[in-house]
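Chains as they are written, first to last, in numbering that gives the first Met the number 0: chain A, 0 to 333; chain B, 0 to 333.
The beta-carbon is built from N, C-alpha and C at its ideal position, and this holds for glycine as well.
Quick caveat, the model's predicted, so the values are computed rather than measured.
There are 2 protein chains.
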Amino acid sequence: MVKVAVDAMGGDNAPGEIIKGAIDAINKMSNIKVFLIGKEEEIKTELKKYEYNKEQLEIMHTTEVIATEEPPVMAIRRKKDSSLVKAMNMVKNQEADALVSAGSSGAILVGGQVIVGRIKGIERPPLAPLIPTAKGVSLLVDCGANVDARASHLVQFAKMGSIYMENALGIKNPKVAIVNIGAEEEKGNMLVKETFPLLKECNDINFIGSIEARDIPSGYADVIVCEAFVGNVILKLYEGVGATLISKIKGGMMSTLRSKIGALLVKPALKETLKSFDASEYGGAPLLGLNGLVVKTHGSSKAKEVTNSIIQCVTFKNQKINEKIKANIIMKDE
Amino acid sequence: MVKVAVDAMGGDNAPGEIIKGAIDAINKMSNIKVFLIGKEEEIKTELKKYEYNKEQLEIMHTTEVIATEEPPVMAIRRKKDSSLVKAMNMVKNQEADALVSAGSSGAILVGGQVIVGRIKGIERPPLAPLIPTAKGVSLLVDCGANVDARASHLVQFAKMGSIYMENALGIKNPKVAIVNIGAEEEKGNMLVKETFPLLKECNDINFIGSIEARDIPSGYADVIVCEAFVGNVILKLYEGVGATLISKIKGGMMSTLRSKIGALLVKPALKETLKSFDASEYGGAPLLGLNGLVVKTHGSSKAKEVTNSIIQCVTFKNQKINEKIKANIIMKDE
């Protein structure tokens, strides 16, 4: 049984979509137990809508909620009875294997480090979402946890990302690249120039050199290493360009009678295509390198993303990813 | 007459597409004179294909070409008789108002600073392309000239970008935003945190605060200020996500007989839509803050982009953008 603590109160669509996502997850897989954490009355009202195996679900009552706009450090410290802090403590105390939250990113990052804690030897836990590509998915690491990171952090991101892609997604010998502004080794800013030779020296990863942002969507690398500011820009621009382009295309198709008829005919095929380029299909982003698994999903997550994020926790546990991080990164570095 | 020196030998499609683009420009506008700079024999062979007003075109023979992979500083210093260095010198000596090149980015950036030279008081000349948005275009400044920039550089980028958008594109009181990883003022890396209050103090620009990468394609700001590494990632990812998504959509439309028929019907409308999201429609990227105008176009530029880049030089000169940069930025700072 994989035990997942779900922050029922976090995110724009909480608790409705979060709870629906949790129910869908336990109805899909019998080896998951979900703890729904939050205001008991609200959770119970939502639960009345669904049929599910009662043994796979437990409510943990809490009274407080951390809002997105609250300063994260303060919120984590003061709101001891918030759904997020409770979930963090359950992971820390090994009452849960993992937690999933669509709540405040800042609070999740702070809570992950302060409450759950880093694996000994890991300097900074990066946020590592999967992003869709022409070939499937790539792991973007770090996409927002550690701005102004150092070269040694990026080297650990590369190693953890490589272990994650190999074990969680079954990609043998994943190709690791560093985001750069040119393909040549002498290109880059100070951080990239310092990190590049260190990555070249790592003989436990398949480092293929620099990747220009243009080549990220084509699936040129499996693990894309970058500093958090750059990673956050990549992740958000991916969404932004995709959304604007799709809305332009839809608008264009509605512009003439001829194209309107065409649009009706292409609609089902197009829907299928766009689904494969939709980040929510791939669950949330794990914070790698913590003593337990913390998965952050979009603040705007709907049930589907919550379900996928919960299912993701099963692979993470079964593939013993944290054990492999400990064995492959820390032992070797010591 | 606006005199434009065109590097006929620079870029993946030189000299054919470059020369075609130059001819299209003079055939469109009678107030442009183009100097085609490069190997005379090759240029003459190409020119035989076209009809044009001979008084609007002159060939300047040079023997050398700077290749993309050459170290830029060395190339600019040694290849005195290259098409790019010749074009740079023509701008420096005011024999030309502007130059357009699709050649080595590094050599264009170095040559711009070393040969053409900065306007007195400008610390770093940024590369500032227009990028397509849902509403029209935005200016991305800096997109690759100055990695590891300082806050004072970004403030000048904001001011120059604002003058450019107001005068070259006629956008009154353009909205200026800084790329950030969250909307709140306390978010960001060290550079953004240092730059933000300085931009807030500028009363000669319409600073609207942070912009998340997600909101760039929607056209939320007219001038998008960022450090060159981030800007380069934005520009290239724009291209990459667009290209991958469009190829996925085209593939999707070919997947069933029904959708194939639909694709035939939507094709003309779709083509029109995608054209509005195509960066090459908007010409090249000016290097702002130089004693003269240097326009860098994509290495892969076709005739259309070259034509638009040449026409762009007319507006730049007629709107006296450099004079306005001198008057509004330098005088005030002194």
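The alpha helix (DSSP H) runs of length 4 or more contained entirely in the region 24-88 of chain B are, from start to end of the chain, 39-46, 71-77. The beta carbon of Phe195(B) does not come within 9 Å of any beta carbon belonging to chain A, so the residue lies off that interface.
Excluding its 5 nearest sequence neighbours in each direction, Arg123(B) has C-beta neighbours in its own chain below 6 Å: Asn145, His152, listed in chain order.
Annotation: Cβ neighbours of Pro216(B) in chain A (cutoff 8 Å, chain order): Leu236, Gly239, Val240, Ala242, Thr243, Leu244. Glu122(B) carries a coil assignment under DSSP once its states are collapsed to helix, strand and coil. Glu16(A) carries a helical assignment under DSSP once its states are collapsed to helix, strand and coil. For Lys266(B), the nearest CB of chain A lies under 9 Å from its own CB, placing it at the interface with that chain.
Under the DSSP definition of a beta bridge, Arg213(B) lacks any partner.
As DSSP reads the structure, Ile130(A) sits in a beta bridge with Ser137(A). By the Cβ rule, the region 55-66 of chain B does not count as touching the region 254-270 of chain B, because fewer than three pairs are nearer than 8 Å.
Annotated three-state conformation of Ser100(B) is strand, per DSSP. Note that the C-beta distance between Cys225(A) and Val178(A) is below 9 Å. Sixteen is the threshold: when 16 or more other Cβ atoms of the shown chains lie within 10 Å of the Cβ of Asp221(A), as they do, the residue is buried. Going by DSSP, Ala157(B) is part of the alpha helix (DSSP H) stretching over 150-167. If you compare the alpha carbons of Gly181(A), Phe315(A), Pro128(A), Lys38(A) with that of Ile223(A), the shortest gap goes to Pro128(A).
Put simply, the CB of Met164(A) is far from chain B, with every gap to its CB atoms at 9 Å or more.
Collapsing the DSSP output to three states places Ile223(A) in a strand. Within its own chain, the residues whose Cβ lies closer than 7 Å to the Cβ of Thr314(A), once the five positions on either side in sequence are excluded, are Ala167, listed in chain order. In this structure the region 8-20 of chain B does not lie against the region 287-303 of chain A, because fewer than three pairs of beta carbons, one per stretch, are closer than 8 Å.
Per the DSSP secondary-structure output, Leu244(B) pairs with nothing in a beta bridge. With respect to Ser137(B), Asp203(B) sits apart: the two C-beta atoms are not nearer than 9 Å.
Residues of the same chain with a CB within less than 6 Å of the CB of Gly105(B), apart from the 5 flanking positions on each side, are Pro71 in chain order.
The region 245-254 of chain B and the region 178-195 of chain B do not touch, with fewer than 3 CB-CB distances between them shorter than 8 Å.
Per DSSP, the unbroken alpha helix (DSSP H) holding Ala302(B) starts and ends at 302-317.
Under the 10 Å beta carbon count, Gln93(A) is surrounded by fewer than 16 other beta carbons and is classified as exposed. Excluding residues up to 5 positions away in sequence, Thr61, Thr62, Glu63 lie with their Cβ nearer than 6 Å to the Cβ of Asp80(B) in the same chain.
Cβ-Cβ separation between Ile118(A) and Leu286(A): approximately 11 Å, too far for a contact (criterion under 8 Å). For Ala284(B), the enclosing beta strand (DSSP E) covers residues 284-286.
Against chain B, the beta carbon of Asn188(A) has neighbours under 9 Å at Val146, Asp147, Glu226, Ala227, Phe228, listed in chain order. By the neighbour-count criterion, in which a residue is buried when 16 or more other Cβ atoms sit within 10 angstroms of its Cβ, Pro216(B) is buried.
Sequence-distant partners of Glu69(B) (beyond 5 residues in either direction) whose C-beta falls short of 6 Å from its own C-beta are missing from its chain. If you draw a straight line from the Cα of Leu35(B) to the Cα of Ile107(B), it comes to about 17 Å. The shortest C-alpha to C-alpha distance from Lys158(B) to any of Gly9(B), Leu198(B), Lys266(B), Gly102(B) is the one to Leu198(B). CA-to-CA, the gap between Leu269(A) and Lys2(A) works out to about 37 Å. Chain-ordered listing is empty here: chain A has no CB closer than 8 Å to the CB of Met73(B), the nearest sitting near 12 Å. Straight across, the Cα-Cα distance linking Glu165(B) with Leu234(B) is about 21 Å.
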